[in-house]
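What follows is one structure encoded as structure tokens, with my remarks underneath.
Residue numbers (UniProt numbering): 1 to 253.
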């Protein structure tokens with residue numbers, strides 16, 4: 001369906017409400033005033049708004065919250081993982097997948113399936129990266145290879161961090177593109193995106209990155225605590241006769 005067809009459909013659905021608006025303004029029209037038409041969102045716009053809200057909440061609020069929890073909490077406690085996992089998977093996951101499903105429905109209804117514009121392509125990339133990130137996080141937590149890296153952090157730990165930040169950066173661009181480009185294209189721009197939406201987008205981006213870089217200043221404290229934990233594990237390994245700390249019970253370090 002073309003851009004013009006999308007706009008035409010919205011105008012037809014809103015015609016009764018637009019007519020009512022014209023009647024209300026008609027009294028002022030006799031005095032030379034300008035007639036203004038007001039009408040509600042059509043079904044396509046309603047679904048597009050739900051898609052935008054859910055994806056923005058999932059990618060710009062919930063996932064960053066999980067990242068910040070890991071960034072700060074791991075400095076002070078070893079029991080940070082499950083809070084991080086619950087937010088990233090059990091809370092963020094349903095919100096994101098429902099939002100993506102609504103976007104897919106919109107593509108079908110607007111016959112965008114064969115177009116694969118940038119917004120659709122980035123959406124597919126985001127969901128693939130998000131799934132990869134979840135699997136990588138599970139692997140990192142449950143598969144330990146201390147004999148291979150001898151107490152040093154495995155490279156996939158750094159990949160996990162970098163991939164997580166890349167997902168958030170790409171999601172920020174995706175939401176911006178959706179608000180400024182995809183919404184006018186898909187809906188015919190019958191209703192403009194309010195300025196408050198862009199202000200909220202910018203505020204969320206700034207708040208996350210400021211808090212994240214503040215959290216980075218805690219890295220020396222985190223590394224010191226981790227080194228002390230490894231030393232305790234080595235001492236306990238010698239006392240119990242284990243070859244390395246990887247052979248110890250999970251609560252030993």
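All C-beta atoms in this analysis are idealised placements derived from N, C-alpha and C, irrespective of residue type, glycine included. Because the structure is a prediction, the values reported are computed rather than measured.
Check: For residue 77, the nearest candidate out of 224, 236, 54 (CA to CA); Outcome: 224
Check: Which listed residue (107, 162, 214, 149) has its alpha carbon closest to that of residue 185; Outcome: 107
Check: Spatial distance of residue 179 from residue 52 (CA atoms); Outcome: 8 Å
Check: The segment 88-95 in contact with the segment 37-49 per 3-pair CB rule at 8 Å; Outcome: no
Check: Nearest candidate by alpha-carbon position, reference residue 205, set 47, 49, 57; Outcome: 57
Check: Residue 143 versus residue 188: straight-line alpha-carbon distance, rounded; Outcome: 50 Å
Check: Contact set for residue 176: own chain, Cβ-Cβ below 7 Å, skip 5 residues either direction; Outcome: 201
Check: Cβ of residue 58 within 8 Å of any chain C Cβ; Outcome: Chain labels in this structure do not include chain C; a single protein chain is all it has.
Check: N- and C-terminal bounds of the alpha helix (DSSP H) containing residue 50; Outcome: 43-57
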